[in-house]
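The listed protein sequences correspond, in order, to chains A and B. Numbering-wise, my numbering puts 155 at position 155 of the first sequence, and it's gapless, one number per residue. Numbering-wise, my numbering puts 330 at position 5 of the second sequence, and it's gapless, one number per residue. Each residue gets a CB set at the ideal place from its N, CA and C atoms; glycine is no exception. Working notes, structure below.
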Amino acid sequence: MKDVEMKMLERAKQLLESGEVARVIGWKKGEFFYDPTPASFETVDELKDFVYDWFCGANLSKYLIQMSKKEGKTAVFLKPCDTYSFNQLVKEHRIKRENVYVIAVECLAKLNIEAIKEKTDGIVKSVDVEDKDVKVVTTNGEYTLYKPEVVLSKCAVCNKTHQAKDEEIILHERPERDVNRFEEVEKLEAMTEDERFAFWKGQLSKCIRCNACRNVCPACSCVKCVFDNPHSGIAAKANDSEFEEQLFHVIRAFHVAGRCTDCGECSRVCPQHIPLHLLNRKFIKDIDGLYGEFQAGETDEGKTPLTSYTEGDIEPKDVFNGEAK
Amino acid sequence: MQEVSTEKKEFVPNIVAFCCNWCSYAGADLAGSSRLSYPANVKIIRVPCSCRVNPTFVLKAFQQGADGVILCGCHPGDCHYVTGNYYTRRRMALLFSFLNYMGIEKERTRVEWVSAAEGARFSAVMNDFVKTVTALGENKRLTDLRVKEGE
Chain A
1 MKDVEMKMLE
11 RAKQLLESGE
21 VARVIGWKKG
31 EFFYDPTPAS
41 FETVDELKDF
51 VYDWFCGANL
61 SKYLIQMSKK
71 EGKTAVFLKP
81 CDTYSFNQLV
91 KEHRIKRENV
101 YVIAVECLAK
111 LNIEAIKEKT
121 DGIVKSVDVE
131 DKDVKVVTTN
141 GEYTLYKPEV
151 VLSKCAVCNK
161 THQAKDEEII
171 LHERPERDVN
181 RFEEVEKLEA
191 MTEDERFAFW
201 KGQLSKCIRC
211 NACRNVCPAC
221 SCVKCVFDNP
231 HSGIAAKAND
241 SEFEEQLFHV
251 IRAFHVAGRC
261 TDCGECSRVC
271 PQHIPLHLLN
281 RKFIKDIDGL
291 YGEFQAGETD
301 EGKTPLTSYT
311 EGDIEPKDVF
321 NGEAK
Chain B
326 MQEVSTEKKE
336 FVPNIVAFCC
346 NWCSYAGADL
356 AGSSRLSYPA
366 NVKIIRVPCS
376 CRVNPTFVLK
386 AFQQGADGVI
396 LCGCHPGDCH
406 YVTGNYYTRR
416 RMALLFSFLN
426 YMGIEKERTR
436 VEWVSAAEGA
446 RFSAVMNDFV
456 KTVTALGENK
466 RLTDLRVKEG
476 E
């Protein structure tokens with residue numbers, strides 16, 4: 001990963017020095033080594049904080065909504081999953097494509113620090129990855145973890161490839177693999193209604209309505225959001241009504257149905273560890289099963305399943321659990 | 326003095342029916358003028374087209390205490406606005422499947438196509454739906470998804 005980071009840094013310097021771009025969007029050092037933060041770099045000097053490591057899970061696409069409207073070009077480093085969100089936002093006319101220079105960067109899955117902390121004892125001091133082994137040093141000793149067990153939930157079943165790029169920095173090819181991202185959804189579908197209800201009630205009761213999932217979601221980019229109360233006097237924090245408050249997750253899941261690229265950011269940022277991606281994946285699975293395979297963000301044009309129809313579509317009463325009776 | 330009845334009141338469900346102006350609402354009208362009965366606890370909300378029904382309308386109805394929600398529109402192909410009900414069909418198929426995924430009984434939601442000439446069908450559909458929902462009992466699940474029971 002260090003060699004890729006060097007290459008990226010070098011390229012970012014070049015672009016800024018030559019004046020080809022006005023700013024570069026990437027990740028910078030956070031307070032701890034495991035929490036790099038998305039950042040915009042406008043000078044070569046600022047690039048000293050630039051990082052790209054095993055913890056750069058954040059999706060940078062959404063920042064481009066603002067950045068692509070600024071003067072000058074914006075260069076951005078996008079991982080495979082980020083490019084789907086990017087395409088989707090271009091398609092929805094939220095990003096000015098001509099103002100963005102996309103540099104596709106390799107990603108061999110990103111690590112989940114919460115999972116690492118759970119599996120180790122003491123304060124994490126360093127994390128190193130060697131193939132499938134994650135070597136963790138903590139104040140209480142050294143641990144070797146199996147990588148697939150400590151990656152982000154979105155990375156565990158990822159098989160995405162770059163969908164948009166102007167150039168690429170890929171030093172290590174990721175091997176093709178056979179994954180089923182609907183496994184967890186299928187497990188839930190196999191339960192009874194009561195079990196499912198108990199599961200979701202338990203999960204959603206943990207919600208503190210911090211809005212992190214909404215704020216990070218690239219599909220949730222409306223300027224005016226239904227969940228905000230325009231008359232509250234407190235910007236973007238007070239909820240609109242009891243209704244929106246109580247059914248927040250259902251409404252949000254439907255709002256992004258057919259547009260969700262399954263980037264998994266909602267689950268990554270949830271401070272309560274609610275598996276929010278399972279809500280969106282249900283829609284993706286249903287759409288795939290009922291209206292044909294569709295991956296949002298694969299292209300930056302064309303119709304989405306909910307804005308199109310065919311005359312022979314299945315009747316709602318014949319659909320349950322995504323299978324035609 | 327009035328006697329206090331100790332008998333348990335029979336459960337009468339609250340049903341919300343979204344009917345499109347051109348077919349189903351006229352169908353309900355025909356049912357009325359043909360003297361065909363349908364339960365009085367069906368509250369009809371007239372909408373210009375079934376595709377006017379935003380999924381949040383359905384959710385809001387449930388959150389406000391509806392025990393069942395039914396959508397009625399023109400038969401596919403007969404929409405007054407040509408394609409409106411095709412969109413409804415996709416939307417509601419996904420929404421209802423999703424609600425079931427969250428543990429809401431699938432019998433509480435329904436989409437039926439009723440034309441302006443089908444007064445008898447309107448009455449039959451409503452009678453059947455009310456019967457189904459009455460058997461299910463009160464809707465307790467879709468009022469507030471975020472609070473654990475007993476809290």
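Buried versus exposed, by CB contacts within 10 Å (16 or more), residue i
i: A:MET6; result: exposed
i: B:ALA460; result: exposed
i: A:PRO257; result: One point to set straight first is that residue 257 of chain A is Ala, not Pro, in the sequence displayed. That one is buried.
i: A:LEU249; result: The amino acid at residue 249 of chain A is misidentified as Leu; the sequence shows His. Buried, by the Cβ-count rule.
i: A:ASP82; result: buried
i: B:ARG360; result: exposed
i: A:CYS210; result: exposed
i: A:ASN140; result: exposed
i: A:PRO148; result: exposed
i: A:GLY72; result: exposed
i: A:PHE32; result: exposed
i: A:PRO316; result: buried
i: A:ALA39; result: buried
i: B:GLY428; result: buried
i: A:LEU171; result: exposed
i: A:ILE274; result: buried
i: A:GLN146; result: As written in the sequence, residue 146 of chain A is Tyr, which differs from the Gln given in the question. Exposed, since its Cβ has fewer than 16 Cβ neighbours within 10 Å.
Residue i at chain A interface by Cβ criterion, 9 Å
i: B:PHE421; result: yes
i: B:ASN339; result: no
i: B:ASN425; result: yes
i: B:VAL436; result: yes
i: B:THR468; result: yes
i: B:ILE369; result: no
i: B:TYR482; result: Outside the displayed range of chain B (326 to 476) lies residue 482 of chain B, so it cannot be described from this structure.
i: B:GLU476; result: Summary for B:GLU476: the model assigns pLDDT 44, below 50, so the residue's position carries little reliability, and this model does not support an answer.
i: B:GLY431; result: The amino acid at residue 431 of chain B is misidentified as Gly; the sequence shows Lys. Interface residue, yes.
i: B:SER448; result: no
i: B:ALA418; result: yes
i: B:THR381; result: yes
i: B:PRO401; result: yes
i: B:CYS345; result: no
Span of the beta strand (DSSP E), counted from its first residue to its last, around residue i
i: A:LEU78; result: 74-78
i: B:ALA442; result: No beta strand (DSSP E) holds B:ALA442; DSSP gives it neither H nor E.
i: A:ILE329; result: This structure cannot speak to residue 329 of chain A, because chain A is shown only from 1 to 325.
i: A:TYR101; result: 100-105
i: A:THR331; result: Residue 331 of chain A lies beyond the stretch modelled for chain A, which goes from 1 to 325, so this question has no answer here.
i: B:ALA342; result: 340-345
i: A:ILE25; result: 23-28
i: B:LEU396; result: 393-398
i: A:GLU130; result: 124-130
Beta carbon proximity, residue i to chain B, threshold 9 Å
i: A:VAL256; result: no
i: A:TYR146; result: no
i: A:ARG259; result: no
i: A:ARG196; result: yes
i: A:LEU64; result: no
i: A:ASP45; result: no
i: A:PHE243; result: yes
i: A:GLN163; result: no
i: A:GLN246; result: yes
i: A:ASP286; result: yes
i: A:ASP128; result: no
i: A:MET313; result: For the sequence presented, residue 313 of chain A should be read as Asp rather than Met. For A:ASP313, the answer is yes, since a Cβ of chain B falls inside 9 Å of its Cβ.
i: A:ILE116; result: no
Residue range of the unbroken alpha helix (DSSP H) whose run includes residue i
i: A:TRP200; result: 193-204
i: B:PHE349; result: Phe is not the amino acid found at residue 349 of chain B; the sequence shown has Ser there. Per DSSP, B:SER349 belongs to the alpha helix (DSSP H) from 349-358.
i: A:SER18; result: 2-18
i: A:LYS317; result: That residue, A:LYS317, is in no alpha helix (DSSP H); it is neither H nor E in DSSP.
i: A:LEU64; result: 64-67
i: B:LYS385; result: 380-388
For residue j and residue i, believed in contact at Cβ under 8 Å, the rounded distance
i: A:ALA75; j: A:GLU168; result: Rounded, the Cβ-Cβ distance is 13 Å, inconsistent with contact.
i: A:LYS201; j: B:LEU470; result: 7 Å
i: A:GLU311; j: B:PRO401; result: 7 Å
i: A:LYS125; j: A:VAL137; result: 5 Å
i: A:LYS110; j: A:TRP27; result: Wrong, their Cβ atoms sit about 11 Å apart, outside the cutoff.
i: B:VAL394; j: B:THR434; result: 6 Å
i: B:TRP438; j: B:GLY398; result: 6 Å
Exercise. Can you find at least 3 beta carbon pairs, one from the segment 409-422 of chain B and one from the segment 375-386 of chain B, that sit closer than 8 Å?
Worked result: Yes, the segment 409-422 of chain B touches the segment 375-386 of chain B.
Problem set entry | Sufficient close CB pairs (3 or more, under 8 Å) joining the segment 151-158 of chain A to the segment 262-270 of chain A | Contact between the segment 151-158 of chain A and the segment 262-270 of chain A is present: three or more C-beta pairs spanning the two stretches fall below 8 Å.
Problem set entry | Meets three-Cβ-pair contact criterion under 8 Å: the segment 95-110 of chain A and the segment 58-77 of chain A | A contact exists between the segment 95-110 of chain A and the segment 58-77 of chain A.
Exercise. Touch check for the segment 284-292 of chain A and the segment 225-232 of chain A: three-plus C-beta pairs under 8 Å?
Worked result: Below 8 Å, too few C-beta pairs join the segment 284-292 of chain A and the segment 225-232 of chain A to call them touching: fewer than three.
Exercise. Should the segment 440-448 of chain B be called in touch with the segment 351-359 of chain B, which here means at least 3 C-beta pairs below 8 Å?
Worked result: With three or more CB-CB distances shorter than 8 Å, the segment 440-448 of chain B counts as touching the segment 351-359 of chain B.
Exercise. Is the segment 208-223 of chain A touching the segment 85-95 of chain A, taking contact as three or more C-beta pairs under 8 Å?
Worked result: Taking 8 Å as the limit for Cβ pairs, the verdict is that the segment 85-95 of chain A does touch the segment 208-223 of chain A.
Exercise. Counting Cβ pairs closer than 8 Å, one from the segment 328-340 of chain B and one from the segment 381-393 of chain B, do we hit at least three?
Worked result: Result yes; three or more Cβ-Cβ pairs closer than 8 Å.
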